[in-house]
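Participant: Have a look at this one.
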Amino acid sequence: APPPRWRWVASAKAPMEDLQVIGTIQPSEAPLHLVGFDPGEELLWSASQAGMVYAHLMLSGAPHVAFRTDREMSPAVAVFPHSSGLVTLTYAAAHFISRGGVELAEVRHESLGVLSAGVMCASGRTPAVALCGAGTADGTEGSGPSLALMDLSTAQLTVQLPLEIVPTVARWEGRSGLLVLGGGDGLARVFDVRSGVKAVGAAPLFPRGVIHDLDVQDNSLAASALRAQLGPLGHDEYVFDSNLRTADLRQLSRP
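In case it helps, the numbering used here puts the sequence shown at residues -12 to 242.
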C-alpha cells in the first residue's frame, strides 16, 4: 500500500510573543507518539500507534520514506536515529533499519522478554543502545528483569546485567558516561557503562511511587512520578504526583 500522504501546513503565531510554530506535518489517519531528529541527514523521524514509522524532509516536510515497524505491526516504543540509520524498539525486538526503510537486522533475546525502556548511549567509544527487559517470569535463574547493551556496529548484545525491578524509563548522561534507570519502586538506579556495566548507586526519590519520567545533566537528576491512592471503589489507583524531586549523583546510596 502507498504510504500516507503528508502536507506541510503553515501555522499562525503562538500566543507567546517569543515562540512561533513554523509548520505542522499532518499524516493521514496516523496518530503519532514518537519523534526524533536525524543526526546525519536533514530528516525528521516519527512513529505512529498503528505501527508505522515515517521520515520527512526537514526543509519541505515532503515524505521521504514510510514503513511498518515489524511484521506483527506492533507500535514502536522508542526510535533512535543514529549516524547509520535508525533503531526502533518494539516490545519484542530491536530493529536496525536503513534510512531507506530496509530492515538490516532484528535482535530478539528470550532472556530480555518484553522490552520496557531503552536509550542511546556509548560503551567506551562504541555507540550502543541500552535495552531494559521485563524478563520471562518463568521462575528460572536469569529470567527476571535485566539491562543489556547492544552494540550498534554488530547488532549484538555485549553485556547483560540482572535487575531487581522492571525499569520504566532510561536516560543517558554522555559527559559522565552514566546511565540512569527509573522503576516501579521509586528508585533511580545509576550505572557506569563506559566499560561494561557497573552499578554506581541509587537515589530513593519516591519510596511509595513509580518513577514516570526523569532527566539527568552533569551531576543533577530530576524526576516525576505516579503515586498510589485509594480510589472511589476501594482499590488503589495511580495518579500523577505533584512533587518534583532531585538528587545529586555524587551522593548516592551504594548498591
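The beta-carbon is built from N, C-alpha and C at its ideal position, and this holds for glycine as well.
Under three-state DSSP, which class holds Asp223?
Facilitator: Strand at Asp223.
Participant: Where does Val181 fall in DSSP's three states?
Facilitator: First, the residue type needs correcting, since residue 181 is Arg and not Val in the sequence shown. Note: Arg181 maps to coil in three-state DSSP.
Participant: Which residue wins for smallest C-alpha separation from Thr75, given the options His96, Val116, Ala49?
Facilitator: Taking only the C-alpha atoms, the option nearest Thr75 is Val116.
Participant: Would you kindly check if the distance between the Cβ of Phe178 and the Cβ of Leu192 is under 7 Å?
Facilitator: Against a cut-off of 7 Å, the Cβ pair of Phe178 and Leu192 comes out as no contact.
Participant: Taking the straight line between their C-alpha atoms, what separation do you get for Arg237 and Asn206?
Facilitator: So the two alpha carbons sit approximately 7 Å from each other.
Participant: Tell me whether Gln143 sits in a helix, a strand or coil according to DSSP, three-state version.
Facilitator: DSSP places Gln143 in strand when its eight states are reduced to three.
Participant: Are Ala157 and Ala79 touching if we call contact CB-CB under 7 Å?
Facilitator: The answer is no: Cβ separation not under 7 Å.
Participant: Can you list, in chain order, the residues of its chain with a C-beta nearer than 6 Å to that of Gly88? Leave out the 5 residues immediately preceding and following it.
Facilitator: Result list for Gly88: Val52, Phe54, in chain order.
Participant: For the beta strand (DSSP E) containing Met137, name the first residue and the last one.
Facilitator: Where Met137 is concerned, the enclosing beta strand (DSSP E) stretches over 133 to 138.
Participant: Is Ile152 helix, strand or coil by DSSP?
Facilitator: Note: Ile152 maps to coil in three-state DSSP.
Participant: At what residues does the beta strand (DSSP E) containing Leu168 begin and finish?
Facilitator: Counting along the chain, the beta strand (DSSP E) containing Leu168 begins and ends at 165 to 170.
Participant: Can you check DSSP and say which residues form a bridge with Ala117?
Facilitator: Paired residue(s): Val106, Leu136.
Participant: Ordered along the chain, which non-local residues of its own chain (more than five positions away) have a Cβ less than 6 Å from that of Ala190?
Facilitator: Ala175, Ala234, Leu239, listed in sequence order.
Participant: With a threshold of 6 Å on Cβ separation, who are the neighbours of Ser163 within its own chain once the five nearest residues in sequence on each side are excluded?
Facilitator: For Ser163, where only same-chain residues beyond five positions count, there are no Cβ hits under 6 Å.
Participant: Name the two residues that bound the continuous beta strand (DSSP E) containing Ala42.
Facilitator: Residues 39 to 44.
Participant: On the CB-based measure, 16 or more other CB atoms within 10 Å of its CB, does Ala(-1) come out buried or exposed?
Facilitator: Unreliable placement is indicated for Ala(-1), whose pLDDT of 45 sits below 50; no coordinate value is reported for it.
Participant: If you count every other CB in all the chains shown that lies within 10 Å of the CB of Met45, and 16 or more means buried, which is it?
Facilitator: With fewer than 16 other Cβ atoms within 10 Å, it is exposed.
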